[in-house]
Amino acid sequence: MTVLPYGDRALLVELDSVEAVVALADRVRADRALADLLDDVVPGARTVLLVARPDVALDRLRAAVPPLQPADAPADAPADAPTDAPTVRHPEPPDPGAGRWVRREVEVPVTYDGPDLAEVARLTGLSEAEVVRAHTGTTWRVAFGGFAPGFAYLVGGDRRLEVPRRDSPRTSVPAGAVGLAGEFSGVYPRSSPGGWQLIGRTEVAMWDHDREPPALLGPGDRVRFVDARERR
Amino acid sequence: MSVLVVHRAELVLVQDAGRPGRAAIGVGRSGAADRAAYELGNRVVGNRPGAAALETVLGGLEVEAATTAWVCVTGAPAPLTVDGRPEQPGTVLALRAGQRLRLGVPPSGLRSYVAVRGGIAAPAVLGSRSRDTLAGIGPDQVRPGDRLEIGAEATEPLRVDAVPAGHYPAAPVLRVVRGPRDAWVADAERLVSAAWTVAPDSDRVGLRLAGGRLSVHDPGRQLPSEGAVRGAIQVPPSGEPVVFGPDHPVTGGYPVVGVVVEADADRLAQLRPGEPVRFRWA
């Protein structure tokens, strides 16, 4: 774990894996004393950016960043993990369950007829049916946001599904398109350009201005994709 | 209580202190590009911190009061008229019903803030009335014929008549904290040695620097997406640096060679296309 200055108002914590990112972001959010020093916590693929409140000096923030315990490394908490955010205060002894909690598990029905399904099957050496089984076979977890409001980078998928982005991005990907790229899966919240491999689509709204909260998926949420055809 | 938008020459947006703390759901802070100028206007008209104001570009706005409205223009010192009579920016102005306030092109700076006592009462999204131009959330841009309702966010009496008008000396030198990805850039020192100009396609998402290129060691190598802040200077494969503005992407995949210090980030918001700017390491 390396901590780099990011301007004079933020620290960038570098980590080895997205699982470690999820664990640290969880710890930071659960630690009220630390959360009070922060304007925002911005998880990335291998980093967590901690943005200090205007009145907080960076040295004070640096001293408050919890060391990442090896026990935090696995991203998956048991399904029966407590649903309330525990308050973890550094430097108390590490608690294997500390800082990890399940906020919600969201089921997303998907019609697996995406334009890149055949290409993903070819790239992975799986049949199309096996791609669907792999995508629906694990519980995904929100690692970080970005790209657009309501877009969640999901991790925890079947490793066989790791495929590169498309060589040439599409100029328009419809809202609800379900894609794969690298270690991530995600659902496009609205029509936009995009370079992910599209394997299906969902009618579930990932972002709805008139809903509170507008984003379907929040930090730490778990996602189960289900085959919409099988469900009927 | 409301004001009517009569004319608008450039982009006019409703802005407030933004919506911090939402990066995990892909929503950035947004908010007034020049935070200090925006906050000053709110204070002068006695508003609660965080009340919404109008952000204008190169003046470019004319509004008519439907009922008496107290206003103050901060930021870029746009020459003002009320029904054709000249007024000073930074002054608390009482607009009587039917009177028109017009903002001309400021002699320096880019963005002016029209603070109205009571605040602009547009619908809030995720607790903020800021328009995020990248995410497409928050109140739509202001158009001629729009009637803007005035809110009830005046919490303090009017205590001052005027504050000094904004002033933006040409060719500023902005302080930058080096890194975190300066090692990805072969000639990071060029950032502080080059004379840059603000490219015309700059906006609230990013201020584009023209006048040179930085070279990334290995343009094919991809940086895993990481969080960003306002003032982060990203080097895309083209080598022309982009300084992130208030509506920057929440996470980005190009190396950040340096980050403009918070105290100088507001100055970025006042740079005009074509203006020279330089940087130095903090």
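Here the protein sequences come in this chain order: A and B.
Terminal number for the first sequence in this note's numbering: 232, no gaps in between.
Terminal number for the second sequence in this note's numbering: 1282, no gaps in between.
Just so it is clear, CB atoms sit at the ideal spot from N, CA and C, and this is done for glycine as well.
Predicted model, so just to flag it, every value in this text is computed and none were measured.
- Taking PRO189/A as the centre and dropping the five residues before and after it, the same chain places the C-beta of ALA148, GLY150, PHE151, MET206, TRP207 closer than 6 Å to its C-beta, in chain order.
- DSSP places ARG27/A inside the alpha helix (DSSP H), whose first and last residues are 18 to 30.
- GLY146/A: member of the beta strand (DSSP E) spanning 140 to 146, first to last residue.
- HIS135/A does not reach chain B, its nearest Cβ partner there being about 21 Å away, counting only Cβ pairs nearer than 8 Å.
- When C-beta distances to chain A are compared with 8 Å, every residue of the stretch 1055 to 1083 of chain B stays at or above that value.
- Taking 8 Å as the threshold, the shortest C-beta distance from PRO214/A to chain B falls below it.
- By the CB criterion at 8 Å, CYS1072/B and GLY1041/B fall inside the cutoff.
- Inclusion of THR1074/B and GLY1166/B in the CB contact set at 8 Å is warranted, their separation being smaller than that value.
- With the rule of 3 Cβ pairs closer than 8 Å, the stretch 1206 to 1221 of chain B does not count as touching the stretch 29 to 41 of chain A.
- ASP1161/B sits in coil when the DSSP states are folded into three classes, being neither helix nor strand.
- Here DSSP, grouped into helix, strand and coil, assigns TRP1184/B to helix.
- Just measuring C-alpha positions, the residue of VAL1173/B, ARG1204/B, VAL1205/B sitting nearest LEU1191/B is VAL1173/B.
- With the criterion set as a beta carbon lying under 8 Å from some beta carbon of chain A, the members of the stretch 1215 to 1238 of chain B are PRO1224, SER1225, GLU1226, GLY1227, ALA1228, VAL1229, GLY1231, ALA1232, in sequence order.
- Taking the Cβ atoms as the reference, THR1133/B lies roughly 33 Å from ALA1097/B, outside the contact range of under 8 Å.
- Residues of the same chain with a CB within less than 8 Å of the CB of VAL51/A, apart from the 5 flanking positions on each side, are ARG9, ALA10, LEU38, ASP39, ASP40, VAL41, VAL42 in chain order.
- Closest option to VAL1027/B, judged by alpha-carbon separation, among GLN1270/B, PRO1106/B, ALA1265/B, VAL1250/B: VAL1250/B.
- Those residues of the stretch 1177 to 1189 of chain B placed with their C-beta closer than 7 Å to a C-beta in chain A are VAL1177, GLY1179, PRO1180, ordered along the chain.
- Beta-carbon to beta-carbon, ARG1008/B and GLY1084/B are separated by about 19 Å, too far to satisfy the 8 Å threshold.
- Looking at the DSSP output, PHE225/A sits in a beta bridge with VAL108/A.
- Residues of the stretch 1002 to 1036 of chain B with a C-beta atom less than 8 Å from some C-beta of chain A are PRO1020, GLY1021, ARG1022, ALA1023, ALA1024, ILE1025, GLY1026, VAL1027, ARG1029, listed in chain order.
- For GLY179/A, the enclosing beta strand (DSSP E) begins and ends at 177 to 181.
- Counting along the chain, GLY1104/B sits inside no alpha helix (DSSP H), nor does DSSP assign it H or E at all.
- In the structure shown, SER191/A falls within a coil segment according to DSSP collapsed to helix, strand and coil.
- Per DSSP, the continuous beta strand (DSSP E) segment holding LEU1093/B begins and ends at 1093 to 1095.
- Beta-bridge partners assigned by DSSP to LEU11/A: PRO5/A, LEU50/A.
- Within the model, the alpha-carbon separation for ILE1137/B versus ARG1147/B is close to 20 Å.
- Excluding five sequence positions before and after GLY137/A, the CB atoms of its chain that fall closer than 7 Å to its own CB belong to ASP158, given in chain order.
- If you check each beta-carbon in the stretch 1250 to 1263 of chain B against every beta-carbon of chain A, the ones closer than 9 Å belong to VAL1250, THR1251, GLY1252, GLY1253, VAL1256, GLY1258, VAL1259, VAL1260, VAL1261, GLU1262, ALA1263.
- By the Cβ criterion, the stretch 178 to 196 of chain A is in contact with the stretch 163 to 170 of chain A, since at least three pairs of Cβ atoms, one from each stretch, lie closer than 8 Å.
- In the DSSP assignment, VAL155/A forms a beta bridge with ARG141/A.
- Taking all protein chains in view, the Cβ of TRP1196/B is crowded by 16 or more other Cβ atoms within 10 Å, so the residue is classified as buried.
- For the 8 Å CB-CB criterion, LEU216/A and VAL204/A form a contact.
- Taking 8 Å as the upper bound for CB-CB distance, THR1056/B and GLU1010/B are in contact here, some 7 Å apart.
- Legend: CB atoms of the stretch 45 to 59 of chain A lying less than 7 Å from CB atoms of chain B belong to residues ALA45, ARG46, THR47, LEU49, VAL51.
- A straight-line Cα-Cα distance of about 10 Å links ASP113/A and THR202/A.
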